[in-house]
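Residue numbers (full-length UniProt numbering): 1 to 405.
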């Protein structure tokens with residue numbers, strides 16, 4: 001699993017296409033919107049809403065927050081403010097909800113912290129996965145929209161790029177924090193300085209709350225940033241203090257830290273070259289494939305390395321998965337998770353596939369990409385509540401399984 005991203009196409013009808021891109025391959029998933037019966041998740045909405053909206057100062061804000069959450073779950077088609085309002089109360093509700101999302105004074109950070117704590121307790125994720133999504137948009141009328149070259153597509157896309165932090169297991173993933181990337185021209189004026197300028201800085205900002213202050217478990221971060229400068233990412237994430245599993249490529253330059261082969265210590269290799277040299281260390285590993293819904297077995301090898309060109313780089317475990325069809329190692333990860341085996345690193349790295357699936361099957365259906373407007377605050381408020389709606393869909397099933405057990 002090389003560097004990938006997910007592209008979400010804002011639908012004109014009730015269908016959304018999502019493209020998830022791996023190295024040298026494209027996966028297309030087509031998924032229709034579903035509606036959740038209005039009262040099917042009332043207990044969970046009440047419980048989660050009570051925690052999320054406790055940070056809102058006024059009772060009318062708390063009421064609007066619950067209305068918006070229910071609208072994201074139950075309104076038909078695109079989750080525009082107009083469609084949400086038609087579900088909860090018509091034209092008067094539309095004006096009220098528009099002000100609540102785009103012009104109100106409440107901040108989304110306390111709500112995201114509450115969401116992260118709730119998801120951490122109920123889902124008990126294996127890791128926090130940091131992944132980008134690209135949301136194509138028509139025109140330049142929404143915050144963060146700009147024309148950008150997407151290398152894994154090989155084309156220029158006009159749209160938004162955001163990075164999400166997801167609580168993930170092999171069977172479920174829920175987004176808990178977001179950053180919007182880009183310094184595009186907003187409202188015809190100066191670039192909006194609140195937009196993160198680089199993917200690495202965006203990713204670091206996304207997990208800052210998770211790393212401290214939100215009261216969630218210190219779980220590993222799976223970092224999957226297409227085209228990002230890995231040494232810079234490693235340095236920034238070292239300051240956050242969470243164990244790291246970073247998707248990397250076969251061209252990454254490393255220096256062996258262990259004498260696994262005579263004459264290799266101190267010499268520089270590409271990740272692909274070094275793993276080829278230690279291919280006799282390969283061992284079979286079973287892991288759950290969220291895309292296929294089955295357990296798969298692949299060969300994995302690992303070796304301790306330092307990152308080349310990074311002074312005093314701490315040791316990492318370089319793990320590589322062998323692709324039988326290609327006759328070599330095609331997927332690579334670097335991890336500083338203490339005591340981790342190559343198999344454990346592979347299983348954590350594969351959690352990004354769970355995010356790919358749940359973006360399409362859940363996030364797209366609750367309106368994650370549907371915000372239209374020039375308000376930076378509005379985008380974050382909408383995305384926060386869409387993440388909460390995603391949590392309701394996912395955790396409703398998780399809690400049902402737990403009660404049955």
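Backbone N, C-alpha and C define an ideal beta-carbon position, used for all residues, glycine too.
If the criterion is Cβ atoms closer than 8 Å, does the pair residue i and residue j meet it?
| i | j | result |
| --- | --- | --- |
| residue 165 | residue 108 | no |
| residue 388 | residue 115 | yes |
| residue 254 | residue 318 | yes |
| residue 354 | residue 290 | yes |
| residue 249 | residue 332 | yes |
| residue 137 | residue 154 | no |
| residue 392 | residue 45 | yes |
| residue 85 | residue 97 | yes |
| residue 240 | residue 211 | yes |
| residue 83 | residue 89 | no |
Just to confirm my understanding: we take residue i, look at its own chain, exclude 5 residues before and 5 after, and list those with CB closer than 8 Å. What are they?
| i | result |
| --- | --- |
| residue 344 | 337 |
| residue 188 | At residue 188 the pLDDT is 40, less than 50, meaning the model places this residue with poor confidence; the figure from the coordinates comes in the next sentence. Correct list: empty, nothing qualifies. |
| residue 130 | 163, 164, 165, 166, 203, 206, 207, 221, 222, 223, 224 and 225 |
| residue 315 | 257, 304, 305, 306 and 336 |
| residue 283 | 299, 300, 301, 342 and 343 |
| residue 390 | 174, 175, 358, 362, 363, 366 and 368 |
| residue 267 | 255 and 256 |
| residue 53 | 61, 62, 65, 66 and 111 |
| residue 209 | 109, 112, 113, 116 and 177 |
| residue 229 | 200 |
| residue 156 | 147, 148, 149 and 150 |
| residue 274 | 254, 256, 264, 303, 305 and 318 |
| residue 281 | 260, 301, 302 and 303 |
Go through its chain and collect everything with a Cβ distance to residue i's Cβ below 7 Å, but skip five positions before and after it.
| i | result |
| --- | --- |
| residue 87 | 71, 74 and 75 |
| residue 106 | 56 and 61 |
| residue 161 | 132, 134, 148, 181 and 182 |
| residue 168 | 125, 126, 127, 129, 351, 354 and 355 |
| residue 384 | 108, 111 and 112 |
| residue 232 | 200 |
| residue 308 | 253, 254, 255 and 268 |
| residue 347 | 287 |
| residue 236 | 200 and 204 |
Please list, in chain order, all residues of the same chain as residue i whose beta carbon is under 6 Å from its beta carbon, the five residues on each side excluded.
| i | result |
| --- | --- |
| residue 395 | 122 |
| residue 380 | 108 |
| residue 36 | Only weak support exists for where residue 36 lies, its pLDDT of 40 falling under 50; the value from the coordinates is given anyway. Taken in chain order, the residues that qualify are 73 and 74. |
| residue 213 | none |
| residue 259 | 265 |
| residue 288 | 170 and 295 |
| residue 297 | 284 and 286 |
| residue 371 | 379 and 382 |
| residue 179 | 163, 196, 202, 205 and 206 |
Write down the C-beta distance between residue i and residue j rounded to the nearest angstrom, noting that I regard them as a contact closer than 8 Å.
| i | j | result |
| --- | --- | --- |
| residue 200 | residue 119 | 25 Å between Cβ atoms; not a contact. |
| residue 261 | residue 247 | With 8 Å as the limit, residue 261 and residue 247 do not qualify as a contact, their Cβ atoms being about 25 Å apart. |
| residue 382 | residue 101 | 6 Å |
| residue 271 | residue 349 | That belief does not hold up - the Cβ atoms of residue 271 and residue 349 are roughly 14 Å apart, past 8 Å. |
Who does residue i pair with in a DSSP beta bridge?
| i | result |
| --- | --- |
| residue 177 | 165 |
| residue 203 | DSSP output for residue 203 lists no bridge partner at all. |
| residue 335 | 245 and 317 |
| residue 294 | 289 |
| residue 345 | DSSP, once it has assigned bridges, lists no residue as partnering residue 345. |
| residue 159 | 136 and 146 |
| residue 304 | 317 |
(request) Taking only runs that begin and end inside the region 69 to 151, name each unbroken alpha helix (DSSP H) of 4 or more residues, in chain order. (result) 81 to 88, 91 to 98 and 109 to 123
(request) Write down every uninterrupted run of the beta strand (DSSP E) in the region 217 to 292 whose length is 3 residues or greater and which is fully enclosed by it, in chain order. (result) 221 to 223, 244 to 248, 253 to 256 and 283 to 289
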